[in-house]
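> Sharing a structure, written as structure tokens. Questions coming.
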């Protein structure tokens, strides 16, 4: 199997993307109805072709000495092309993480535990360590491609259906709609170098133990800025089908509450099953000082989580019934939130999507953070004069983007800072969910549950927000 060359170490010179002895890779449009990248459809030529047609990337060979000691150590990323990035190779990164973990003393472990309360570091010996090292190596290589071949304009139809397959030793990683997501990341002001550094092998991922009933796995990047979640094939198919309209919605409403999806990938270990996963901005970032977290669907069946015992380091995401008797004090920001919820849920209703959640977290404001001047949201009439969108006359409340690490998901009230975002946008109301609705109607008469029509789901969640804000 051809290998992808490791990036040069500091002080070395990159051989470029057409070094001898390398394997050939192709970026090609994939049929919209098909998810995946079959080997029999690959082609090879000597040099990459220009954007707009099939893109074939040629990489130099690399030394794989010692790579078979662990699956994580077998990964190598492509060498930087015209934009040389002197970053550690995935193999070196995994070895460094192992070495660093072994050198930590008691004081470091105690500090780490306090900083990452409720999360579990996926270090050597963890059952998911090899898998996450593969993800880090593959994402490092995939992001390098987008850095070497940056997008020059809004995504085209071809960009939304493109597939990039990179074969590493022991696994292969596919990047779905890569140019579209690269453009979306840039539109959010996210530098590809920062994205690569956070998701690459610079530090171990963190495992997040969710209270969700799904069988998905949840991870955070080592800096907790990016959230990774495994997805079913049908969910990925729905996300990619809706991606052009999702991008258009974010262009019209740049301060939407919808989670910012940053990438969709699949990973297959040699002779193994293909696993899909998505990457998005974490709603709960930065996590310091957050006191409570909630996952709200606006219903009552299966919407209670037993809180962690007092003094327990475990941080749980609570649900609707845990929120009874509480309110969100937003002051003058309440009208903006209700209006934006109506816009976003109307969009999801048009996509025939349901079962999404409003994630919320609370953080007590410091004294110097309180007051009208510190608010993260202002009315257009006061602070964005004349910026009303011609495409959407109703979007008159616009959020300013201050110097904040996560302004898109933060809203200040008089006493509390709230982290808010709509997540899990991939469940379509098809035959499976219609049958589930009929069964739950019989199983839970007179009670509210999540599997209802998209129109009812959207209306009910907006009503919940109205009833629990002031």
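Numbering (my numbering), first residue to last: 970 to 1439. A virtual CB, placed ideally from N, CA and C, is assigned to each residue, including glycine.
Are there 16 or more other CB atoms within 10 angstroms of the CB of residue 1434, so buried, or fewer, so exposed?
Buried.
> Give the straight-line distance between the Cα atoms of residue 1381 and residue 1135, rounded to the nearest whole angstrom.
Straight-line Cα distance between these residues: approximately 43 Å.
> Quick check on the burial criterion: 16 or more other C-beta atoms within 10 angstroms. Buried or exposed for residue 1114?
Buried, because 16 or more other Cβ atoms sit within 10 Å of the Cβ of residue 1114.
> Using only alpha-carbon positions, find the residue among 1250, 1217, 1402 and 1326 that is nearest to residue 1264.
Minimum Cα distance to residue 1264 is reached at 1326.
> For the 8 Å Cβ check, are there 3 or more pairs between the region 1161 to 1175 and the region 1103 to 1110?
Yes, they touch.
> Starting from the C-beta of residue 1385, find all residues in its chain whose C-beta is less than 7 Å away, skip the five residues before and the five after it, and write them out in chain order.
For residue 1385, where only same-chain residues beyond five positions count, the Cβ hits under 7 Å are 1298, 1331, 1332, 1333 and 1334.
> By a C-beta neighbour count over all protein chains shown, 10 Å radius and 16 as the cutoff for buried, is residue 1267 buried or exposed?
Buried, since its Cβ has 16 or more Cβ neighbours within 10 Å.
> Please go through the same chain and pick out, in chain order, the residues whose beta-carbon is closer than 6 Å to the beta-carbon of residue 982, but skip the five residues on each side of it.
Its pLDDT being 34, under 50, residue 982 is placed unreliably by the model, and the measurement read from it follows with that caveat. So no residue of the chain qualifies.
> Got a sec, what are the start and stop residues for the alpha helix (DSSP H) residue 1451 sits in?
Shown here, the chain extends from 970 to 1439; a query on residue 1451 therefore has no answer.
> Could you spell out where the alpha helix (DSSP H) holding residue 1412 opens and where it closes?
Segment 1400 to 1412, the alpha helix (DSSP H) holding residue 1412.
> Taking the alpha-carbon of residue 1432 as reference, which of 1144, 1311, 1276 and 1377 has the nearest alpha-carbon?
Comparing Cα-Cα distances from residue 1432 to each of 1144, 1311, 1276 and 1377, the minimum goes to 1311.
> Check whether the region 1217 to 1226 touches the region 1198 to 1209, counting contact only when three or more Cβ pairs, one atom from each stretch, lie closer than 8 Å.
They do not touch, by the three-pair rule.
> Relative to the alpha-carbon of residue 1227, which residue among 1133, 1251, 1414 and 1122 has its alpha-carbon at the smallest distance?
Closest option to residue 1227, Cα to Cα, is 1251.
> Which same chain residues end up closer than 7 Å to residue 1424 when comparing Cβ atoms and leaving out the 5 residues on each side of it in sequence?
Counting only Cβ-Cβ distances below 7 Å, and skipping sequence neighbours, we find 1318.
> My parser needs the beta strand (DSSP E) runs of 3 or more residues fully inside the region 1180 to 1234; what are they?
Counting only runs of 3 or more, we get 1187 to 1189 and 1195 to 1200.
> Using beta-carbon positions only, say whether residue 1290 and residue 1262 come within less than 7 Å of one another.
Not closer than 7 Å, so no.
> Rounded C-beta distance between residue 1112 and residue 1152? I'm assuming under 8 Å.
At roughly 14 Å, the Cβ-Cβ gap does not stay under 8 Å, so residue 1112 and residue 1152 are not in contact.
> Going by C-alpha to C-alpha distance, which of 1124, 1102 and 1129 sits closest to residue 1137?
With distances taken between Cα atoms, residue 1137 lies closest to 1102.
> State the DSSP-derived secondary structure class of residue 1068, mapped to helix, strand or coil.
With a pLDDT of 45 at residue 1068, under the threshold of 50, the modelled position of this residue cannot be trusted, and the question is left open.
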